[in-house]
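What the sequence shown shows, in the numbering used here, is residues 3 to 386, in sequence order. Working notes, structure below.
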Amino acid sequence: MLKTNENSLLIILNLITFSLLTSCQKSYQKAENSQTNFELEIASTLTFDLDNTKTAYNRGVQVYPSQNPQYLLFFHSNGKYTSIYDLKSQDLLNEIHFDFEGPNSVPKSINYAYTHNFDSIFLFDPLPQQIYLVDSAGNNIDQFDLQLEDMMHYTYPDGIHPAYFKKGKLFLPTYPSPMENATSSDYGMIEFDIDRKAFGTQYNLSEKYDEGFWDKHSYRNAVFTYNEDKDAIIMSFPNDEYIYVTDAQGNKSKHFAGSSEMKTLKPLANELYNDDGKTYRMQAEQGFYSGLKYDRWRKVYYRFAYNPINKFADRTTLGKNASIIILNNEFEVIGESPINAKKYSFGINFINEDGLYFFNNYQYEKEDDSQFSFDLFKLKNATP
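This is the structure in structure tokens:
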């Protein structure tokens, strides 16, 4: 049984890595239903230096503290360091080192770090499903087992699917096993109580998953964000044009948040389960939704979409027709902007008082690997 579960998780890790790189119905309504139409435009760039011992490859960045960001926390994909940069000067201020040997050692398979504060840094090890709690000196404080009792769901936070901490609980993204078809009885997020070391509330997938077979790839990965002002959790599913809101009292609602270029998404044929080539083609040709972010400064949401591609060659063509859907604080679509998801990484971004920043993958890989940069996308009134 353990071997089967490990094989399932290995499949998930491969699929999520891919996703990070990564009828005659009328098209969805556009933002003209709103009085004001907004778009995103590139305003400026932040550039950070790298020394020759590190790369810019990572599975997500974080700004700290969340209320008044002063630092960029950059967890390197080799798991050894978190670099701390000053957001204003772009200077490297410090590094937090994690040991792979000795009394404070953590596994080399650590793939993601979430910093609640500098005395509480959560390091995630996906294969054994464990969290290591350490401080900024690298001291091991505690360890948590995340293996779920049903053995058919796995936690895997990353840049698109980040964890967050609230009132003693870690909110963790989860994925149904790719060995089974996903349904609304599965869940895409779960609470973990740090003090009790126990799981709590599960947040289920939408009823959209009951319509048929939704593959073992891009359509399985739920996304969530948290609105601090409303104390609300907002969930997004890659196959669903709606987003789903749960407020502090437990009340639930759903709101249209679809791309103007995507029609209602349809399940795939069951016989495609083991045909990855055809599965990727169908995903590309009808599209899917990706990340979701709340911008507390401008009171808007950004939903990332991989829109349909007419000429699909292989996986590398995904991202050639991507956009960011903009919603206001009442969950109304107020704009949509195209973005080159081959140039910018949906999984490596952050928001501060200036706007939405995306990692410029092209600049790093093609132009200068001694530094990395983030381009600032500012919200602009585009009403004629």
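Glycine included, each C-beta is placed from N, C-alpha and C at the ideal position.
| query | result |
| --- | --- |
| Short Cβ contact (9 angstroms threshold) for I123 with T84 | yes |
| Three-state secondary structure assigned by DSSP to A286 | helix |
| H219 in three-state terms, based on DSSP | coil |
| Limits of the beta strand (DSSP E) - the one that M191 falls within | Y189 to D195 |
| Separation of K301 from S325, as counted between CA atoms | 19 angstroms |
| Residues bridged to D233 (per DSSP) | Looking at the DSSP assignment, D233 forms no beta bridge with any residue, so it has no partner. |
| Residues bridged to V302 [DSSP beta-bridge criterion] | D297 |
| DSSP three-state assignment for T84, whether helix, strand or coil | strand |
| Member of S261, Y87 and R317 whose CA lies at the smallest distance from the CA of I336 | S261 |
| Straight-line gap, S36 to T385 (C-alpha atoms, nearest Å) | At S36 the pLDDT is 48, less than 50, meaning the model places this residue with poor confidence and gives no usable figure here. |
| Distance between I98 and N142 (C-alpha atoms, nearest Å) | 13 angstroms |
| According to DSSP, residues forming a beta bridge with G357 | N354 |
| Proximity below 9 angstroms, CB of S339 to CB of L42 | yes |
| Beta-bridge partners of P130, as assigned by DSSP | DSSP output for P130 lists no bridge partner at all. |
| D160 burial status per 10 Å Cβ neighbour count (16 or more: buried) | buried |
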